[in-house]
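Read through the structure below, which is laid out as structure tokens, and then see the notes.
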Amino acid sequence: MTSLNNGRVLALDIGTVRIGAAISDPNRIIAQGLGVWNAETWLNDLDDCIKKFDPSLIVVGLPLRTDGKNSATTEKILNIFEELKTKYPQKNFVTHDERFTTVIAQRTLLEADISRKKRKKSVDKIAAVLILQNYLEGLHNHDQL
529 MTSLNNGRVL
539 ALDIGTVRIG
549 AAISDPNRII
559 AQGLGVWNAE
569 TWLNDLDDCI
579 KKFDPSLIVV
589 GLPLRTDGKN
599 SATTEKILNI
609 FEELKTKYPQ
619 KNFVTHDERF
629 TTVIAQRTLL
639 EADISRKKRK
649 KSVDKIAAVL
659 ILQNYLEGLH
669 NHDQL
């Protein structure tokens with residue numbers, strides 16, 4: 529496995545219909561949205577993304593309940609998380625709390641006066657960016673302690 533401390537980080541916001549994806553710069557400072565993938569074919573997109581960007585770490589958003597406990601959806605995502613670790617044994621994986629990222633993404637797009645149709649196509653990508661940026665900020669804050 530590659531080092532957890534350097535290289536790009538890929539974040540995934542895994543849903544039942546769409547998967548949002550975001551990637552960091554090599555210095556792990558900025559999160560950039562990659563796109564929204566169809567839940568039926570997203571593993572092909574993930575393969576392409578891993579080949580293109582070679583992330584050293586993949587962050588999977590974990591949808592916890594507001595009280596911080598697991599839900600049925602959390603368990604589904606944890607199963608996918610384990611499958612991804614098996615499929616890509618050369619990559620490092622972590623989960624990251626994604627509570628409220630979709631709500632924040634929707635509000636941001638509403639405030640930007642984006643049409644409902646465009647919001648639906650963008651919200652998962654924005655949520656992935658929020659997951660990744662939050663994760664990166666946590667890394668940098670931890671380094672400064």
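Each residue of the sequence shown is one higher than the one before, starting from 529 at the first, in the numbering used here.
Yeah, the Cβ is synthetic: ideal placement off N, Cα and C, and Gly gets one too.
Q: Jot down the residue ranges of each uninterrupted beta strand (DSSP E) in the segment 532-612, minimum 3 residues, whole runs only, in chain order.
A: 537-542, 546-552, 559-566, 585-590
Q) When the distance is taken between beta carbons, is T544 closer than 8 Å to V588? A) no
Q: Look at the alpha carbon of A567 and the alpha carbon of R546, and state the distance between them as a whole number of angstroms.
A: A567 and R546: Cα-Cα distance of roughly 5 Å.
Q) How many angstroms separate the CA atom of G596 from the CA atom of L590? A) 10 Å
Q: Report the option in A549, E665, D553 whose CA atom is closest to the CA atom of F575.
A: Here residue 575 is Asp; the residue named in the question, Phe, does not match the sequence. The shortest Cα separation from D575 among A549, E665, D553 belongs to A549.
**Q.** Opposing strand residues paired with V657 [DSSP bridges]
**A.** Per DSSP, none; premise fails for V657.
Q: State yes or no: is the C-beta of G535 nearer than 7 Å to some heavy atom of the ligand HEM?
A: Of the ligands one can find in the structure shown there are none, so the ligand HEM has no counterpart to examine.
Q. CB-CB under 6 Å to D573, same chain, minus the five flanking residues each way: which ones, in chain order?
A. Cβ within range, chain order: W565.
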